[in-house]
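These protein sequence lines map, in sequence, to chains A and B.
Position 36, counted from 1, in the first sequence is what my numbering calls 40; the numbers after and before it change by one each time, with no gaps.
Position 159, counted from 1, in the second sequence is what my numbering calls 251; the numbers after and before it change by one each time, with no gaps.
Note that CB positions come from ideal geometry on N, CA and C, so glycine has one too.
Remember, predicted model here, so these are calculated numbers, not experimental data.
To start, the structure itself, in structure tokens.
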Amino acid sequence: MKVKVRGGFDIGLAGAPRQIIREGRELTSVAVLGADFPQVHPVLQVETGDRVMQGQTLFVDRKRPDIRFVSPGTGEVTSITFGHRRVLEALTIHLDGDDAVLFEVPAVPGRENVKNLLLESGMWSAFIARPFGRIPDVNTVPDAIFVTAMDTNPLAVDAGFVIKNHDKHFQSGLELVRLLTQGPVFVCQAPGPTLVQEPDQQLRSVTFSGHHPAGLPGTHIHRLLPAHKKRSVWHIGYQDVIAIGALCATGKYLNERVISLAGPGVKNPSLMHAHLGAKLDDLLANELITDDVEIISGSVLSGRKSAFLGRYHTQVSVLPDSRRAPRTNWLKRFLGTANHALPDALIATEALERAMVLDILPVPLLRALSVGDMEAAERLGCMELVEEDVALLSYACTSNANYGVLLRNVLNELEGRGQ
Amino acid sequence: MRLLAFPVRYVVGTTAPHVSGGWSLNRITMLFLVALVLPLGLVVVENGFGFLPLLGFALFVTLAWNIVFARVRRQPIVMDWAVSAISFALIVPPDLPLWQLGLSLSFGIVIGEQIFGGRGRNFLNPAIVALAFVAFSFPGTAGVHHSDLFALAVLPGAVLLVATGLISWRVLAGALLALACVVGFARLEDPFTSVMAGPLVFMLVFFACDPVCAASTNPGRWIYGALVGLLIGLFGLPGEVVGAPTVLVFSILLASVFAPLIDYFVVSLNAYGRRRRDG
């Protein structure tokens, strides 16, 4: 099956990565970041100073204690920091070994024992459920699973290339993932030879072509099987499918990902093997053109400034430092009473239509989000979206409003109302 | 259709996205001003420097109101006042006394734009409101300062605005199609001259297609455009010239008033489709 996505943007950034994989540098530490799991209230199972092994449980979710979050490395817990309202900020581990917890892999995989393996090994959190974009509940069964086997973000990794390198684990990972649903498993990929070796009624290969956001799970779900109040679907990234396959083969939690290290601030933009949660200072040693840069874990459209690699991120984007003194002139000084806290007005240009590739009306949606009108936003289809799906709207809008944040506020309200 | 775009800007902050497409109110205004250069130049060349006092006064009045409201609201001034002033000055009868011009323009700027919070928060084009005020209050002042070249001079600017996506080609196409239909039915003797004489093309591009007062959904833009064309045809046919300024002013004004309603129906239809799909 082929889907052509019209519209979208090809954001031209300097420093596109060459698709060759280099070995990552020696790491001193890794971290598990609270920002990756905004809805999780962690109950810690370790303390500062404890020795932990790769795959050992660090904390569980207070509301859903079956969902575990495990250590991406072996070493000593050096710090656990909390932010506002005692939300976990970061749990940092100083690396000093490479032994790992061995999980018992079921000889005959079935729905229940695979589920238990994923929960035990911390791989459950690789799945994200729509609507709302949360780690799925343990007892829910999705109507479909979407494997995102492509990436159209600026400066992204070529997913097909990585999958070809890890084909065995990818295929066996798919076989495990499909056990979790009765419905279809869509493997969404860029145009090219199919990445699914044995497609059948359940395991289907779908090709998406077009500019970003053609590669986002939100776009795939909207086109193939839209999520709504009564239909929950899950999505998972291709590297996590590979990690599940590797877990099954070795019994170990795979702590390595292929990431793209790219952007205008990088000397030699290319792909790299990197630890989950890797300290970016270590990763970027001798890689930067100048020190005057902004380091973003994830894509420039949906990532965040961070000192460590995010759990779901497969790229590190390095941009020139944009903190410049605001430009001023005599006219601005004369008129200089500006209240910059207010967003500018929204002008309904064609750029906004281009930025929204789903069957959702962008300008009415943005107006509803701007004023926090939950009912209108729901009618206009906001349940199908998460932050990354509206990133291009913020990118193309005149208003400087951050529609991702506004969308999350509305989604939180809708989610609270449903419970 | 590919859009001409600005260079990417880096806006690294606490939340994504960390890049911006660079669309801002002032940059959009700049492109509108560039699009206005040719028509403005043509009128100045053809009317001599007699046109300049009118233009200067229009600029002065608009800027004054913008400063007043920006000060009161403690907001920065957006450059769009210049677009309103110039487009108004190009259409308003040149022999209009200055006090009438000032009064009309003040009405247009204040009631059509500033009381809503400025450009982008209003739903009518202030120049169109001002021109409607002129037509209502001071009838009979129908001077003409447009040669046949005027329509031609608008075209490069129109291409620029369509290519950058600031005006929607859907509105333009809808209007021209509907107008062609009406004119075709009416069997005018010389339809092309009758339509193209006067400021029709200019007013379609700068007033009817203004993204602020046009419909803001793609299906709505077609309907809105068609409504503009239909009204121009219907209002204009009884007179001698389909493209007479007064006809255009009231057609565009009426269509813009209906634009939010058109959007409302498009939104309802979209929401209905989603409800049916989701069961």
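Whose C-beta lies closer than 8 Å to the C-beta of residue i among residues of the same chain, with five residues either side of it excluded?
i: Leu305(A); result: Ile15, Asn157, Pro158, His216, Glu392, Ala395, Leu396 and Tyr399
i: Ala97(B); result: Gly113, Gly114 and Thr256
i: Gly19(A); result: Leu159, Ala266, Gly267, Pro268, Gly269, Val270, Pro273 and Val322
i: Ala351(B); result: Phe215, Cys305, Ala306, Ala307, Ser308, Gly312 and Tyr316
i: Ile178(B); result: Leu125, Leu128, Leu132, Leu147, Ala150 and Leu151
With a CB to CB cut of under 7 Å and the five nearest residues on each side skipped, what residues in its chain are close to residue i?
i: Leu258(A); result: Ala247, Ala250 and Leu251
i: Asp302(B); result: Asn217
i: Val297(A); result: Gly269, Val322, Leu323, Pro324 and Asp325
i: Phe86(A); result: Leu92 and Glu93
Which one of the options has the shortest CA to CA distance from residue i?
i: Phe150(A); options: Thr144(A), His170(A), Arg182(A) and Pro42(A); result: Arg182(A)
i: Arg315(A); options: Arg22(A), Val44(A), Thr32(A) and Ala39(A); result: Ala39(A)
i: Pro500(A); options: Glu179(A), Phe212(A), Ala372(A) and Gln206(A); result: One cannot answer for residue 500(A) here, as it falls past the ends of chain A, which runs 5 to 423.
i: Asp295(A); options: Ser303(A), Ser301(A), Asp285(A) and Asn117(A); result: Asp285(A)
i: Leu265(A); options: Gln58(A), Leu323(A) and Thr223(A); result: Leu323(A)
i: Leu146(B); options: Tyr364(B), Thr309(B), Arg313(B) and Asp187(B); result: Asp187(B)
i: Ser83(A); options: Arg72(A), Leu48(A) and Val64(A); result: Leu48(A)
i: Gln58(A); options: Leu106(A), Ala380(A) and Leu17(A); result: Leu106(A)
i: Gln243(A); options: Pro366(A), Met127(A), Cys386(A) and Met387(A); result: Met127(A)
i: Lys6(A); options: Met360(A), Arg227(A) and Arg68(A); result: Arg227(A)
i: Asp147(A); options: Lys8(A), Gln206(A), Thr198(A) and Gly177(A); result: Gln206(A)
i: Ala104(A); options: Lys256(A), Gly164(A) and Glu419(A); result: Lys256(A)
i: Val64(A); options: Val142(A), Leu178(A) and Leu292(A); result: Val142(A)
i: Asp370(B); options: His170(A), Lys119(A) and His232(A); result: His232(A)
i: Val254(B); options: Leu123(B), Val103(B) and Phe277(B); result: Leu123(B)
i: Gly212(B); options: Met288(B), Ser116(B) and Asn310(B); result: Ser116(B)
i: Ile263(A); options: Ala35(A), Ala405(A), Asp162(A) and Lys8(A); result: Asp162(A)
i: Pro76(A); options: Thr223(A), Val44(A) and Lys283(A); result: Lys283(A)
Around the Cβ of residue i, are there at least 16 other Cβ atoms within 10 angstroms (buried) or fewer (exposed)?
i: Ser360(B); result: exposed
i: Lys172(A); result: exposed
i: Ser493(A); result: Outside the shown range of chain A, which is 5 to 423, sits residue 493(A), and nothing can be said about it.
i: Ser129(A); result: buried
i: Thr96(A); result: buried
i: Val164(B); result: exposed
i: Asp325(A); result: exposed
i: Arg313(B); result: buried
i: Gln201(A); result: exposed
i: Asp172(B); result: buried
i: Ile139(A); result: buried
i: Pro185(B); result: buried
i: Ser348(B); result: buried
i: Val137(B); result: exposed
When you compare the CB positions of residue i and residue j, do they come within less than 8 Å of one another, or not?
i: Thr152(A); j: Pro221(A); result: yes
i: Asp102(A); j: Thr78(A); result: yes
i: Val81(A); j: Phe174(A); result: no
i: Val304(B); j: Ile259(B); result: no
i: Leu384(A); j: Ala174(B); result: no
i: Ala349(A); j: Ser403(A); result: yes
i: Leu121(A); j: Val112(A); result: no
i: Thr185(A); j: Arg261(A); result: no
i: Gly470(A); j: Phe312(A); result: Chain A is shown from 5 up to 423; residue 470(A) falls before or after that span and cannot be answered.
i: Ala300(B); j: Ala307(B); result: no
i: Phe242(B); j: Phe294(B); result: yes
i: Cys192(A); j: Val166(A); result: no
i: Ser125(A); j: Val74(A); result: yes
i: Ile71(A); j: Leu37(A); result: no
So, at 6 Å on beta carbons, what are the nonlocal neighbours of residue i in its own chain, with the 5 sequence-adjacent residues on each side left out?
i: Arg208(A); result: Pro188 and Phe190
i: Ala162(B); result: Ile169
i: Ala380(A); result: Ala372
i: Val100(B); result: Val111
i: Ile315(B); result: Ile354
i: Leu362(A); result: His226
i: Ile293(A); result: Gly269 and Lys271
Just to make sure I have the definition right: I need the residues of chain D whose C-beta is within less than 9 Å of the C-beta of residue i. Which are they?
i: Pro230(A); result: Going by chain labels, chain D is absent from the structure shown, which instead holds the protein chains A and B.
May I ask whether a heavy atom of the ligand NAD can be found less than 7 Å away from the beta carbon of residue i?
i: Ala347(B); result: For the ligand NAD, the structure offers nothing, since it holds no ligand at all.
Decide yes or no for the touch test of the stretch 196-206 of chain B against the stretch 151-161 of chain B: beta carbon pairs closer than 8 Å, at least 3 of them. yes
Between the stretch 84-98 of chain A and the stretch 22-29 of chain A, can you find at least three pairs of beta-carbon atoms closer than 8 Å? no
Could you tell me whether the stretch 126-138 of chain A touches the stretch 235-247 of chain A, where touching means 3 or more Cβ pairs closer than 8 Å? yes
Are the stretch 401-410 of chain A and the stretch 371-380 of chain A touching by the rule of at least three beta carbon pairs closer than 8 Å? yes
Would you check if the stretch 217-227 of chain B and the stretch 182-201 of chain B touch, i.e. whether three or more CB-CB distances between them fall below 8 Å? Between the stretch 182-201 of chain B and the stretch 217-227 of chain B there are three or more C-beta pairs closer than 8 Å, enough to call the two in contact.
State whether the stretch 354-374 of chain A contacts the stretch 333-352 of chain B, with contact taken as three or more CB pairs (one from each stretch) at a distance under 8 Å. no
Could you tell me whether the stretch 251-270 of chain B touches the stretch 307-323 of chain B, using the rule of 3 or more Cβ pairs below 8 Å? yes
Counting pairs of beta carbons, one from the stretch 238-248 of chain B and one from the stretch 117-137 of chain B, are three or more of them closer than 8 Å? yes
Any contact of the stretch 132-151 of chain B with the stretch 179-196 of chain B, i.e. 3+ C-beta pairs under 8 Å? yes
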